[in-house]
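Residue numbers (my numbering), protein chains in the order written: chain A, -12 to 95; chain B, 46 to 350. See structure below.
Below you can see the structure in the form of structure tokens.
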């Protein structure tokens, strides 16, 4: 089962923007309760969408530059990047069924 | 085929977890369904200062975890899933969830409530772009920036007191001329130099292209309009019960709350409700815990009767 990969300010360009497959980036922080709530759900989804969508996570405390450039002002905040551009954004804790709808929409 | 239990508890906040402690100790096979983390809304609280037994206060997260450990010791089973439907099949109640169906003769509904929205233009679009419903989640994004808190109850004041750690100033916008909050919280807010109060005012519109820039306000007594430049707007204007999955099954009041009697019984035999999801709940962790215990005791009587 593939797990979400950790990305940071230095690796963001290569790992996310230049990725061939769409990448879901989970902007999170250790003090964010709902982020911790969402983590197991994202791990499950990373397995289910393996090969089709790459799952990544970025700690906004450690990587303020990337967080600021996407106007992240609330977490959990999931942005799906396709060909280097944000195509879908999900703010706040969402149950798995709703997340799947957004992921499937990106793949269509 | 739905997996069967004697009791199903929907919601893992203080009400559901307390119910679980009681039903498990009564040796009833019990399943607790929680969509997020145990603790429910209390898990977002940095410090719970009014739960008896914790003289120095306790973090909401830890309180929730302790309650779950206590219930698990007696055999309470917990799954992470969201209730999405409910069916009555004779005596059996079937709870439909994102992880399949479960059935029991007794169900305790403790699914709580969540924050209401203001219902003003641009609120939806700017959510996560400066509009927030959780200061402990989003506060650190507003370092040295002015923010507004909308509301005048305990939640609003607690949010404002948390935000002073980050924001340059916190403007509390309330539609009345005094707070509804607990006196000790009000005293702390009055003593905090970074908090300013805007009385008798309501937010009419949130403005900003990509992020929140300002709020359009209206003074309710004079009708005078004004704007307020802020980077964030924290909304704390009340709650909405999590009962969408019960529509058509259980009578709800206009706002969606469940009506119970003093035994926590609803109109349907074998369905109980506890905590914030009930009409006229005091919305406290301790009263929710009490409701949960009451519901569990009468659920046991129902099953053995």
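Ideal placement from N, C-alpha and C gives every residue a C-beta, glycine not left out.
Shown here for residue 68 (chain A): same chain residues with a beta carbon closer than 6 Å to its own, the five before and five after excluded, namely 3, 10 in chain order. Using beta-carbon distances, residue 255 (chain B) counts as an interface residue toward chain A, with a partner under 8 Å. In the structure shown, the three-state DSSP call for residue 94 (chain A) is helix. Residue 235 (chain B) is classed as exposed because its beta carbon has fewer than 16 other beta carbons within 10 Å across all chains shown. Residue 89 (chain A) carries a helical assignment under DSSP once its states are collapsed to helix, strand and coil. For residue 345 (chain B), the enclosing alpha helix (DSSP H) starts and ends at 330 to 349. Residues of chain A whose Cβ lies closer than 8 Å to the Cβ of residue 209 (chain B) do not exist, since the nearest Cβ in that chain is about 16 Å away. With its beta carbon at least 8 Å from every one in chain A, residue 167 (chain B) lies outside the interface. Taking 7 Å as the Cβ-Cβ cut-off, the region 141 to 157 of chain B approaches chain A at 143, given in chain order.
Looking at B:198, B:139, B:168, B:312, the one whose alpha-carbon comes closest to that of residue 327 (chain B) is B:198. Excluding its 5 nearest sequence neighbours in each direction, residue 265 (chain B) has C-beta neighbours in its own chain below 8 Å: 220, 245, 246, 247, listed in chain order. Neighbours of residue 183 (chain B) in chain A, taken as residues whose beta carbon is under 8 Å from its own, are 60, 61, 62 in chain order. Fewer than three beta-carbon pairs drawn from the region 136 to 155 of chain B and the region 252 to 259 of chain B are found closer than 8 Å, and the two stretches are therefore not classed as touching. Secondary structure of residue 249 (chain B) (DSSP, three-state): strand.
In this structure residue 168 (chain B) touches residue 176 (chain B) by the C-beta definition: roughly 6 Å separates them, less than 8 Å. Around the beta-carbon of residue -3 (chain A), fewer than 16 other beta-carbon atoms lie within 10 Å, marking it exposed. For residue 199 (chain B), the uninterrupted alpha helix (DSSP H) run begins and ends at 199 to 208, by DSSP. Contacts with chain B (Cβ-Cβ distance below 8 Å) from the region 80 to 91 of chain A involve 80, 82, 83, 84, listed in chain order. At least one beta carbon of chain B lies nearer than 8 Å to the beta carbon of residue 20 (chain A). Runs of alpha helix (DSSP H) with 4 or more residues, each lying fully within the region 217 to 300 of chain B, are found at 228 to 236, listed in chain order. In the structure shown, residue -5 (chain A) falls within a coil segment according to DSSP collapsed to helix, strand and coil.
Note on geometry: alpha-carbon atoms of residue 19 (chain A) and residue 27 (chain A) lie some 14 Å from one another.
A contact between stretches requires three or more CB pairs, one per stretch, nearer than 8 Å, and the region 24 to 39 of chain A fails this requirement with the region 69 to 78 of chain A. Close CB contacts of residue 286 (chain B) within its chain, under the 6 Å cut and outside five residues either way in sequence, are with 158, 301, 302, 322 (chain order). When the Cα atoms are used, residue 309 (chain B) and residue 315 (chain B) turn out to be separated by approximately 10 Å.
At a cut-off of 8 Å between C-beta atoms, residue 330 (chain B) does not count as an interface residue with respect to chain A.
In this structure, residue 139 (chain B) keeps its C-beta atom at 8 Å or more from the C-beta atom of residue 195 (chain B). In this structure, DSSP gives residue 31 (chain A) a helical state, which the three-state scheme calls helix. For residue 63 (chain A), the secondary structure class from DSSP, reduced to helix, strand or coil, is coil.
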